[in-house]
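Just so you know, the protein sequences line up as chains A and B, in that order. Okay, so the first sequence: first residue is 0 according to numbering that gives the first Met the number 0, each after it adds one. Okay, so the second sequence: first residue is 0 according to numbering that gives the first Met the number 0, each after it adds one. Encoded as structure tokens, the structure appears first; notes follow it.
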Amino acid sequence: MDKPSKKEGVLYRTARGVAVVSGIFALILCVLLIANFLQTQSVDPLNSGALTRLMEELRGNPEDTALKEQIRALDLLARKAYFTRQWQIRTGSYLLFGFVLALILSLKYMSAFRSRLPDLRKGPGPDRTWEEKLLSRRSLIYTGLGLFVLALSAGALSRSDLRRIGRAEKPTVSADFASAEDMRKNWPAFRGPGGNGVAFSEKIPMEWNGETGENILWKIPVPMEGYNSPIVWDGRLFLSGADRNNQAVFCYNTENGELLWRADLDDIPGSPQERPRTTEDTGYAASTMATDGRRVFVIFATGDAAGLSMDGTRIWAKNLGLPQNHYGHSSSLIVFEDRLLIQYDQNTGGRLIALNTRSGEVIYDRPREVEISWASPILVDTGSRTELILNSNPSVVSYDPVSGTELWNIRCMMGEVAPSPAYADGMVFAVNDYARLVGIDLSGEPSIAWEVIDDLSEVSSPVASGGLVFMAASYGALSCLDAKTGDLLWIEDFDDGFYSSPILSGGNIYLMDMSGVTHIIKAAREFEVTARNPLGEKAVTIPAFMPGRIYIRGYKNLICIGSGGDGQP
Amino acid sequence: MGKRSSGNNRRESIHRRGPAAAGMLILFSLLLAAVLGYAQIQERFPKPDFQTDYTRPDLSTPLPRAQVWEYVDIAVLIAALVLASYFAHRLRSRRKIFWLMVFSLVYFGFIRQGCVCAVGAVQNVAYALFNTGYAIPLSVIAFFVLPLVFTLFYGRTFCAAVCPLGAAQDAVILKPVRLSSTTAGLLGMLPVIYLGLAVLFAATGTGFIICRYDPFIGFFRFGASFAMVLFGAAVLLLGTVVARPYCRFLCPLGVLLDWMSRLSKKHVKITPDTCSNCRLCEESCPFGAIHKPNPSAQSPDKQTELRRLAVLLVLLPVIMFGAGWAGSRLYVPLARQHPTVALSEEILLENGGKRAVMTDATRAFRASGKTADELFEEAGRIQQRFRTGGWLLGGFIGIVFVFKLIGLTILRRRPEYEIDAGACFSCGRCFSFCPYEQLRLGTITQKELEEMEREGKNGSGAGGTSPMENNQNG
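Have a look at this one:
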């Protein structure tokens, strides 16, 4: 560098001084800004610990004015602190910009004194152009090969489930659920196959006594609260349980009552932070599970629904939205082919939801112009088509289960509908207490063939077969009516009322009263009791019927009834 | 020399008028910006009729930019490009280029907040080409096309004085180190890959990654994520010793400008006269864009090199296909950057019970009423687009790779110091190092020039002893 002039020397020293000072200030500001930024990131003014504690206190003492003032003051303080930090960051940024600018300008000025002329005394040196090109070429080739291998490796290691969905799952859709025949051999839903209250299994026990242990094969304590009924598939029994803190599904070996697995479902996406209020006689797990023979499905009063594999692995889980239900959601699930069908009637309007059984995705979500209800859907084959029939206020409505399209709608109900409909021989039977029992003829344009207004069911669902309809009232009356005309054939009073529904099996009606006594009555035009079998405890659920077995969930125990048992689990 | 003296007089005259004109233009632009910006501030909603104690704050948020601003921006861009080319080619003035660069940094950077910029406009154009529903704004087309057109005629004068990203880096060059040609060559592949990715992501509607990862936008707007501010600071810090690192080793537009500049009709030269190989300009370029003369250079085995060249030409389609295939294999990770595909995978995770907590995106999707099958179908289509795009991306990189190899296989002899037309930013730093330039400016005499030439050829001159020293800037 040439020796600078006196004036240049002063300017150079000034620039150096400015560079040092601005550099130090810029460094200090940098540190302060980073510290401030990290503080701002870690602080949430609206969720500070102190504020949360005071809010908790206020919940316990909502009238405390001083506490309110304290909260307001703290809230204001927290917000002020937050925005002050924001201001500091903003102002600091401008200052930093200024100092960095001064630093750069002074350094640039200083660098102007530095020579960039080459030292010509060294000479140009040997010409290495070719060697440099050779080295560059080799490096480029190796880099290119490296990139090639990297791209192939990254491609090979990247997996996308989307590819699997597109490639593999679609062709197997039609075969990914059990046949109707297999459904009839098992107990896949609330009130059996199709939810119609008819058991197709044979050799159903006729006599047992839970108090003495007669024909009780095994008996185990119910693992968790719940009014849902057991479902059974191929040697496995499933039921759900829930309380204010837990939700779970349990699977048992039907042979010995051994718990095969338990799947906790407390971490479902979208599940409400606080459990909704339910009444004691409904609880959080009133809805009965369902299965398609490949998976089992569950829904709780929180609106949480899930699909699990037969070995308890969660396949999907989601929240359908918190049910607006003053007793608690209790409508049970049912499966049609690859669709899980959910009657989601609430205070704010009803919905019929079909979820993909494999993914839980919504296939359709039809709004329903109905009041809240607690009934469950049934699936019936009318000969020409399969219909999904829902009982609710004010209508009994039939849907195409594939598309969710409404097929017919008959306004005939009122009140808080809980009983599910029943179907037999081209007739649909729907009932509700303080409303009516209607026989809807599907032979032509669906219409009400008859209706009766006496001895109506409040909770229990009717069952129909062989030209007869059976209906159990919660005050203890069982009536039998002519399915074609609605004429009352007989009515009998029992000691206890009925919440459980009658199930038809082998020409007999099995009806369990609230004390747990199952009455077996001939499904005939004349009243005839075949047996009276106490369970030994109260029960309001629906028994599951399998060949030679009945499974009942009592208030306390899950009980398996069969021939030759002595009651010892 | 008499003819040159006549030219010098004319240039001197222009030289005197230049600063005044440029100053007027800058002042006019700033005043216009201030006036129009203020005029745009107005009520967005009518005031309520009822009276309250509430004191209304002063209006400070301007309305969205009016159409007129687009035309103002285009006009300023054209003016800046014309001036940059004029300063570089006619006036050969580094000082004027520098001040125009400062203006561009202020106007296109801080006032216009770096948007729309020519670098990002590449993506808009790619998006418009593949998405017919997108009406690309006139200003975006102008910001994409004009720099390329000017480069085709005058070299990269846009990079020299108009691009705010380049200006920000140019301003911080303090003590640049010279990278080896091998390192620079390898790093030079990065902008090619970045350009390919940016076009692919824009064309598929994935996003504008150039804008998302613009390291300077945070400074222009005084606000960005912490990571981006850190990235920007790191680039600027690196830029003090590696000159313009973003421009040279990342800028996707730089790839196109490089090609255009190689084909440019006119390009700046180190010397206004003939090169005497005095070596004074040897270290003047911080970007390594000056090639030394190599009159005696030759390959040791000419036949082998010719055979290599032939093999490369034959392999061109094979390498292109191979690179395309490798690119197509990347479609899964690449497609994952698309919001629809990312959402699909999140939904799959949630549905499979592998993730318990919903994200905002999945929650919004589930509230939309759209089925997942529809979403998966759309995501599948996007993946297929990425598969095709991966072929094109890989093929593009493969072609560039082969041509770079060909460039490294051919040995071209240079009798004198030459500018690398593709890499040169036309910044004018080297002008003042040339004794002929000093003679043109009248800062040295003919006698001094001859003396310097003699010293240079004898190798007796030492750095820092020349009268040239005091005439360099930048």
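We put the CB at the ideal spot given by N, CA and C, even for glycine.
DSSP places A:Met511 in the uninterrupted beta strand (DSSP E) bounded by Asn507 to Met511.
Residue burial annotation: A:Asn252 is exposed, with fewer than 16 other C-beta atoms found within 10 angstroms of its C-beta. For A:Ala72, the enclosing alpha helix (DSSP H) begins and ends at Thr64 to Ser110. Residue environment for A:Ile140: exposed (fewer than 16 other C-beta atoms within 10 angstroms of its C-beta). Shown in chain order are the members of the stretch 399–413 of chain B whose Cβ falls below 8 Å from a Cβ of chain A: Phe400, Lys403, Leu404, Leu407, Thr408 and Leu410. Taking the beta carbon of B:Phe221 as reference, the chain A residues within 9 Å of it are Arg89, Ser92, Tyr93 and Phe96, listed in sequence order. Flagged as an interface residue toward chain B: A:Asp126, by a C-beta distance shorter than 7 Å.
In this structure, A:Gly256 places its C-beta atom within 7 Å of the C-beta atom of A:Trp217.
A:Asn324 sits in coil when the DSSP states are folded into three classes, being neither helix nor strand.
Rounded to the nearest whole angstrom, the C-alpha separation of B:Asp213 and B:Gly231 is 8 Å. Within the same chain, and ignoring the five residues on either side of A:Gly561 in sequence, the residues whose Cβ sits closer than 7 Å to its Cβ are Pro204, Asn214, Leu216, Gly547 and Arg548. Out of B:Cys246, B:Cys433, B:Arg412 and B:Val81, the CA that lies nearest to the CA of B:Pro292 is found in B:Arg412. At least one CB atom of chain A sits nearer than 7 Å to the CB of B:Ser180. Beta-bridge annotation (DSSP): A:Val437 is paired with A:Ala429 and A:Glu450.
DSSP, read as helix, strand or coil, puts A:Gly48 in helix. Contact annotation: in the stretch 143–154 of chain A, residues whose CB is within less than 7 Å of a CB in chain B are Gly143, Phe147, Ala150, Leu151, Ala153 and Gly154. Closer than 7 Å to the CB of B:Ala325 there is at least one CB belonging to chain A. Counting C-beta atoms within 10 angstroms of its own C-beta, B:Ser103 has 16 or more neighbours from the protein chains shown and is therefore classed as buried. For B:Gln112, no beta strand (DSSP E) segment is defined, and its DSSP state is neither H nor E. By the C-beta criterion, the stretch 224–238 of chain A is judged not to be in contact with the stretch 312–320 of chain B, since fewer than 3 inter-stretch pairs fall below 8 Å. Of all alpha-carbon atoms in A:Gln272, A:Glu254 and A:Pro222, the one lying nearest the alpha-carbon of A:Asp263 is that of A:Pro222. A contact between stretches requires three or more CB pairs, one per stretch, nearer than 8 Å, and the stretch 226–246 of chain B fails this requirement with the stretch 396–403 of chain B. Residue range Pro163 to Asp169 is occupied by the alpha helix (DSSP H) that includes B:Asp169. With its beta carbon at least 7 Å from every one in chain A, B:Arg384 lies outside the interface.
The beta carbon of A:Ala289 sits closer than 8 Å to the beta carbons of Pro187, Ala188, Phe189, Ile230, Val295, Phe296, Ser331, Leu332, Ile333, Val334 and Leu339 from its chain, once the five residues preceding and following it are set aside; these are given in chain order. Here the alpha carbons of B:Tyr330 and B:Leu186 stand approximately 24 Å from one another. Minimum Cα-Cα distance from B:Glu415 among the listed residues B:Val340, B:Lys268 and B:Phe400 corresponds to B:Lys268. Taking C-alpha positions only, B:Arg386 is separated from A:Ile362 by approximately 29 Å.
Contact of B:Met451 with chain A is not assigned, every C-beta pair being separated by 7 Å or more. Chain-order list of chain A residues neighbouring B:Pro332: Ala153 and Ser157, by C-beta distance under 7 Å.
As the crow flies, the alpha-carbon of B:Phe142 is around 11 Å from that of B:Leu252. At least one C-beta of chain A is nearer than 7 Å to the C-beta of B:Ser295.
For A:Lys132, the nearest beta carbon of chain B is closer than 7 Å to its own beta carbon. At a cut-off of 7 Å between beta carbons, B:Ser343 contacts chain A. B:Gln302 and B:Ala197 do not touch by the CB rule: their CB atoms are close to 42 Å apart, not below 8 Å. At least one beta carbon of chain A lies nearer than 7 Å to the beta carbon of B:Arg328.
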